[in-house]
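Residue numbers (this note's numbering), protein chains in the order written: chain P, 2 to 776; chain G, 469 to 731.
C-beta atoms are modelled at their ideal positions from N, C-alpha and C, and glycine is treated no differently.
Here the structure is a predicted model, which means the values were calculated and not measured.
Working notes, structure below.
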Amino acid sequence: MTVQKNILKVGKAIHRIDARSKVRGAEKYASDYYGQNLVWAGVKRAGIPHARIKNIIIEKTKNLTGVISVLTYRDIHGSNRQGVIRRDQPVLADDKVRHCGDAVALVLAEDQAVLKEALDLIAIDYEPLPGIFSIGKALEQGAPLIHEEHPGGNVLLKGDLKTGRGEAALEECDVVVEGYFTVPYQEHAYLETEGGWALLTEDGHLEITASTQTPFRDLAEVAEALGIERESIRIRAPYCGGAFGGKDGITVQSLLALAALHCQGRPVRMVWDREESFIAGVKRHPGSLHYRLGAKADGTLYALSAEVYYDTGPYDHLGGAILALGLEHAGGPYRIPHASIRGWSVYTNNPVAGAFRGFGVPQVAAAMEQTMDMLAAKLDLSPLEMRRRNAVHRGDKTPLGVTLISSTGLAECLDAVAEHALWKEKERWKASAGSSKKRGVGIACVMHGMGYGPIVPDYANAKIELTKKGAFRIFCGVVDMGQGNASTYLQIAGDILNQDMDHLELVLPDTEKTLPSGSASASRTTYTFGNALIGAAEALKKRILQRSAETCASDPNDGLTMVLRPGSVFHPPTGKEIPLSQIVRMLDESERISVFEFRAPVTQERPTEDENLRLHGIPHRIFSYGVHLAYVEVDELTGKVEAQRYLAISDCGRIINPQVFEQQIQGGIAQGIGYALCEDLVVARGKIQTPNLSTYVIPTAMDIPEMESIAIEKQEETGPFGLKGAGEIAIDGPLPAIANAVADACGVRIFHAPLAAGRVLTALEAKRGGKEVKA
Amino acid sequence: MYAGGTDLLVRLRKNPVNPFPLVCLGQIKELKGVRESPEGAFIGACSSHASLLSNPIIRYAFPVLAKGLQVLGSPPIRNMGTIGGNICTASPAGDTLPPLYVLDAVLEIRSQNAVRRIAIKDFIVGPGQQRLNKGEILAGIWLKNDPDFNIHHFEKVGQRNALAISVASLSALLKVSESGIIERVRLAWGSVAPTIVSPTNVEAALKGHFLSKDTLQKVMPLLREAISPIDDIRATAAYRRTVAGNILLRLLASFPYKEGYGT
Ligand SMILES: Cc1cc2nc3c(=O)[nH]c(=O)nc-3n(C[C@H](O)[C@H](O)[C@H](O)COP(=O)(O)OP(=O)(O)OC[C@H]3O[C@@H](n4cnc5c(N)ncnc54)[C@H](O)[C@@H]3O)c2cc1C
Numbered sequence: 002m003t004v005q006k007n008i009l010k011v012g013k014a015i016h017r018i019d020a021r022s023k024v025r026g027a028e029k030y031a032s033d034y035y036g037q038n039l040v041w042a043g044v045k046r047a048g049i050p051h052a053r054i055k056n057i058i059i060e061k062t063k064n065l066t067g068v069i070s071v072l073t074y075r076d077i078h079g080s081n082r083q084g085v086i087r088r089d090q091p092v093l094a095d096d097k098v099r100h101c102g103d104a105v106a107l108v109l110a111e112d113q114a115v116l117k118e119a120l121d122l123i124a125i126d127y128e129p130l131p132g133i134f135s136i137g138k139a140l141e142q143g144a145p146l147i148h149e150e151h152p153g154g155n156v157l158l159k160g161d162l163k164t165g166r167g168e169a170a171l172e173e174c175d176v177v178v179e180g181y182f183t184v185p186y187q188e189h190a191y192l193e194t195e196g197g198w199a200l201l202t203e204d205g206h207l208e209i210t211a212s213t214q215t216p217f218r219d220l221a222e223v224a225e226a227l228g229i230e231r232e233s234i235r236i237r238a239p240y241c242g243g244a245f246g247g248k249d250g251i252t253v254q255s256l257l258a259l260a261a262l263h264c265q266g267r268p269v270r271m272v273w274d275r276e277e278s279f280i281a282g283v284k285r286h287p288g289s290l291h292y293r294l295g296a297k298a299d300g301t302l303y304a305l306s307a308e309v310y311y312d313t314g315p316y317d318h319l320g321g322a323i324l325a326l327g328l329e330h331a332g333g334p335y336r337i338p339h340a341s342i343r344g345w346s347v348y349t350n351n352p353v354a355g356a357f358r359g360f361g362v363p364q365v366a367a368a369m370e371q372t373m374d375m376l377a378a379k380l381d382l383s384p385l386e387m388r389r390r391n392a393v394h395r396g397d398k399t400p401l402g403v404t405l406i407s408s409t410g411l412a413e414c415l416d417a418v419a420e421h422a423l424w425k426e427k428e429r430w431k432a433s434a435g436s437s438k439k440r441g442v443g444i445a446c447v448m449h450g451m452g453y454g455p456i457v458p459d460y461a462n463a464k465i466e467l468t469k470k471g472a473f474r475i476f477c478g479v480v481d482m483g484q485g486n487a488s489t490y491l492q493i494a495g496d497i498l499n500q501d502m503d504h505l506e507l508v509l510p511d512t513e514k515t516l517p518s519g520s521a522s523a524s525r526t527t528y529t530f531g532n533a534l535i536g537a538a539e540a541l542k543k544r545i546l547q548r549s550a551e552t553c554a555s556d557p558n559d560g561l562t563m564v565l566r567p568g569s570v571f572h573p574p575t576g577k578e579i580p581l582s583q584i585v586r587m588l589d590e591s592e593r594i595s596v597f598e599f600r601a602p603v604t605q606e607r608p609t610e611d612e613n614l615r616l617h618g619i620p621h622r623i624f625s626y627g628v629h630l631a632y633v634e635v636d637e638l639t640g641k642v643e644a645q646r647y648l649a650i651s652d653c654g655r656i657i658n659p660q661v662f663e664q665q666i667q668g669g670i671a672q673g674i675g676y677a678l679c680e681d682l683v684v685a686r687g688k689i690q691t692p693n694l695s696t697y698v699i700p701t702a703m704d705i706p707e708m709e710s711i712a713i714e715k716q717e718e719t720g721p722f723g724l725k726g727a728g729e730i731a732i733d734g735p736l737p738a739i740a741n742a743v744a745d746a747c748g749v750r751i752f753h754a755p756l757a758a759g760r761v762l763t764a765l766e767a768k769r770g771g772k773e774v775k776a
Numbered sequence: 469m470y471a472g473g474t475d476l477l478v479r480l481r482k483n484p485v486n487p488f489p490l491v492c493l494g495q496i497k498e499l500k501g502v503r504e505s506p507e508g509a510f511i512g513a514c515s516s517h518a519s520l521l522s523n524p525i526i527r528y529a530f531p532v533l534a535k536g537l538q539v540l541g542s543p544p545i546r547n548m549g550t551i552g553g554n555i556c557t558a559s560p561a562g563d564t565l566p567p568l569y570v571l572d573a574v575l576e577i578r579s580q581n582a583v584r585r586i587a588i589k590d591f592i593v594g595p596g597q598q599r600l601n602k603g604e605i606l607a608g609i610w611l612k613n614d615p616d617f618n619i620h621h622f623e624k625v626g627q628r629n630a631l632a633i634s635v636a637s638l639s640a641l642l643k644v645s646e647s648g649i650i651e652r653v654r655l656a657w658g659s660v661a662p663t664i665v666s667p668t669n670v671e672a673a674l675k676g677h678f679l680s681k682d683t684l685q686k687v688m689p690l691l692r693e694a695i696s697p698i699d700d701i702r703a704t705a706a707y708r709r710t711v712a713g714n715i716l717l718r719l720l721a722s723f724p725y726k727e728g729y730g731t
């Protein structure tokens, strides 16, 4: 039975298959291409936040030796607009520039040095326009418009949702608390910046290799923006070196395609350096949130009013969908019978905000969970008890009035926290703070919807091929951006087909080879593709066993008794074993391939009649849940906050690979700690003041405490092997858990994130009367 | 000219020099390592931070320097970066500088046919400015043993726990008697002025007094006079000013004889 040892079994913690090649530097990312005769492409960025373009002066650049071509919007013969829902972002700016990072010209050069010189030589003649740099300004009457043709003016999307009597019910509450919160931008700061390469083949095919989460959706966008046939484009999506939502949509794809069209068949490469990634890449939406939350004297939540404002920058870039998800989660995982939830996603001339792990939820979770603590304090309830009394169970309605018909494990998570040593021992830990240190403990409850919502079809197509050599080739339609889903797919297939790693092959997303399976986003990747893969694997298994029985056994019903083994088929009654490489000869070309489509279920309930909000994703049907707990220590002398212990208890359904799951949770926590404590993209008049990783401070390993992740493993009936999404939920918890812990430590709440040392020290001083320890 | 290249690399990325003739001092054996001498130690300028951290002479005789090195950059930066580079870069945020000031480090400067010595505080004259003439290199650093001190303190305040540019830092050497009297004291602050600040009047005002919160509070006005912090993207001047004073209070926690004395 030794062969059985290495079978990939669901539930087993195994190293991801890409670990070795990545650690050794052998894995090829999108921009790891330095073929012969390479052309270098680069972009001239606007540099100013809002202006009409009068003239783009490129003559000098064109004449520079080593410059192949200088392209502007005039060279684009399509719509020159890209975007997922509202196509409002030009490939190359035409009439106007709307933020400092807008692309104005594309230069193709023989080498990097010439490229840089050429870009510096381009001059742009502008007529400056008044800029909009705050949400307040954008919403003012008569404010200059960023998109003159947009019917909503500077409001990209507005949402107004009401359940029960809405905010009017606040008057019937025994206690009401109120808070104004602000949350900052967050930069994705992936190791691998945006990049890739492209080639126009002799037969007119455009081949693009890009670091993207959305190869299939990109096809349509590139085709439309550039006015070329979708069928003539092929996009390959290797592993991303991180994406987190920042590559959910077009970054370099259209630019590379346009470049390739002007390279006479030479390969062309473009990679943004870190500074360009900062200026041109998307960020998490900064926002301001006004919350009022009321409860009855016994601690039962009764009414909520939430107003949510997100600064989306000058382009949609999913900013509407992000607002919608924020609104859907604004009331947290609680039963609140009366709620008014309103939101605005607002155009400004600030950097473009877009998809980022959490997708609008971390912002509202920060506000809601802090408001919960404020309310608990007023009611003299422990933060945990307050949450236990109001947590949603299966069958309850969300604050949006949608019934939770899928697995709902929040109560179990809360029970597990209550039983955990970190909760039980918190008072002792707090009391043992050293001199000039204050300690606090905070918790936060989070929920996170999975998938695209009711209208945009959330489907995946899996494909498996039995190769001539007798191995199984998995055609992975969804990108693995580093989260390890490709490995999980092999594990699923291995489990069903009873195979080890030696008999499994992986084909990464390629629009010519793999099948459309949606984006690697929305915590849907493994859920949707995994379900499709199960279907494809089961069908292929059945076919193989049936066919081998027909051929090799006396009784065709033996198909039931035959089993798959790594690389072979085995017939236990006779002990006969036939290599798959032999079986494959009995199968027709088409029979060696199995394809299965899965479409995620949606809820039929309509919490709103606003079709636009439904289109933008409201409501979801399946949610993951979690409770986060943070131990923090605050230094009274410097205001520095350190997270010292961290616990996340999650209901993400059953776990396929505990190791990969834990990495997702830990990564989310680490990124969330950065969001909570130190990451602060400073923007002044549309210009980023922290334009690199020396001034934009992300946490290092030294800033991340020991993290414990516990999965309660509640079965989700619709999930592949019972799982639910786990990619995003862990980033929803850290900011509120840490903010609550800081408030617990200091006795003063800081409503503005990040809770950087300066802010905390100021708050401490204000509390002390501002005198005690001043130099 | 460069040694570890960690500062040079950043500068070259911003302003590429083409072509750039680079002279690497880092491979010259004589400029590396720590040599013990009767009165102290000589540190070769091209010694990497990591090599100094693992050097027993540095660890036991000059713990204040080791504490500064411990929080400089990150492991790769400490492996490549050198103490000489840190001095010649002359950043007010250089993490070895406050320790070297309180240790009264003397620098050995060499040219083709001359050797001169200069105190570190006279060598560094402004941000990025030092008194290195054309044709000269920093050969090493002379440190004197001074076993008298019983508090060796270094604190760096940064935006994170590694790879952080100091927002304010304090290096302190104190001799505190068993009864709690400050008998000797050397202090140096980083990142609160164009160069390291080591105010002798603050030191003088502390000498002879009990190490107590009261005593430390009393010198705050003098300290405020001595520093001239700036606003930048990492911190406001006001924050630096407050913290420069506050971190002096940390000395209370390092009283060598009785836990928590004087608080
Ligand atoms: C990511 C990163 C993090 C960092 N973090 C920190 C930190 O936390 N704290 C800190 O203090 N610094 C930090 N630094 C700065 C830098 O690493 C240190 O200042 C380091 O000590 C410089 O040493 P080096 O040998 O690499 O200098 P180099 O780059 O080689 O040289 C710097 C300058 O000094 C001159 N020079 C070097 N050696 C000599 C010599 N022997 N004689 C004459 N001139 C010489 C060079 O000509 C050059 O002008 C960091 C740098 C980076 C890139």
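Cβ-based neighbour list, residue i, same chain, cut-off 7 Å, excluding 5 preceding and 5 following
| i | result |
| --- | --- |
| P:G568 | G471, H504, P580 and L581 |
Residue of the options minimising C-alpha distance to residue i
| i | options | result |
| --- | --- | --- |
| P:E466 | P:F134, P:I594 and P:L376 | P:I594 |
| G:M688 | G:L717, G:F678, G:I698 and G:D700 | G:L717 |
| G:Q538 | G:H517, G:N554 and G:G552 | G:H517 |
| P:P400 | P:Q90, P:H286, P:G723 and P:R166 | P:R166 |
| G:D699 | G:L571, G:R652 and G:A636 | G:A636 |
| P:P334 | P:W41, P:V749, P:M271 and P:G402 | P:G402 |
| P:S346 | P:H621, P:C174, P:H617 and P:A27 | P:H617 |
| G:T710 | P:V628, P:G640, P:R646 and P:I229 | P:G640 |
| G:I633 | G:T564, G:A721 and G:G552 | G:T564 |
Short Cβ contact (8 Å threshold) for residue i with residue j
| i | j | result |
| --- | --- | --- |
| G:A558 | G:P524 | no |
| P:G759 | P:Q665 | no |
| P:E637 | P:L516 | no |
| G:R585 | G:V574 | yes |
| G:V644 | G:E671 | no |
| P:Y292 | P:M369 | yes |
| P:I54 | P:V92 | no |
| P:P455 | P:Y676 | no |
beta-carbon residue i near ligand 1 non-hydrogen atom, thresh 7 Å
| i | result |
| --- | --- |
| G:N554 | yes |
| G:I605 | yes |
| P:D414 | Sequence inspection shows Cys at residue 414 of chain P; the Asp mentioned does not correspond to that position. Flag unset: Cβ of P:C414 not near ligand 1. |
| P:C477 | no |
Close beta carbons around residue i, own chain, < 6 Å, minus the five adjacent residues each side
| i | result |
| --- | --- |
| P:T691 | L682, V683 and Y697 |
| G:E604 | I577 and S579 |
Sequence-distant residues of the same chain with beta carbon closer than 8 Å to residue i, five excluded per side
| i | result |
| --- | --- |
| P:I280 | R46, C101, G102, P352, I689 and P692 |
| P:G531 | T489, Y490, I493, I657, G720, P721, F722 and L724 |
Can you list, in chain order, the residues of the stretch 625 to 640 of chain G whose Cβ is nearer than 7 Å to any Cβ on chain P? V625, Q627, R628, N629, A630 and L631
Between the stretch 469 to 489 of chain G and chain P, which residues of the former have a C-beta closer than 7 Å to a C-beta of the latter? none
Can you list, in chain order, the residues of the stretch 673 to 703 of chain P whose Cβ is nearer than 7 Å to any Cβ on chain G? C679, V683, Q690, T691, T696, V698, P700, T701 and M703
With 9 Å as the limit, tell me which residues of the stretch 701 to 729 of chain G have their beta carbon closer than that to any beta carbon of chain P; keep them in chain order. I701, R702, A703, T704, A706, Y707, R709, T710, V711, A712, G713, N714, I715, L716, L717, R718, L720, A721 and G728
With 7 Å as the limit, tell me which residues of the stretch 619 to 640 of chain P have their beta carbon closer than that to any beta carbon of chain G; keep them in chain order. L638 and T639
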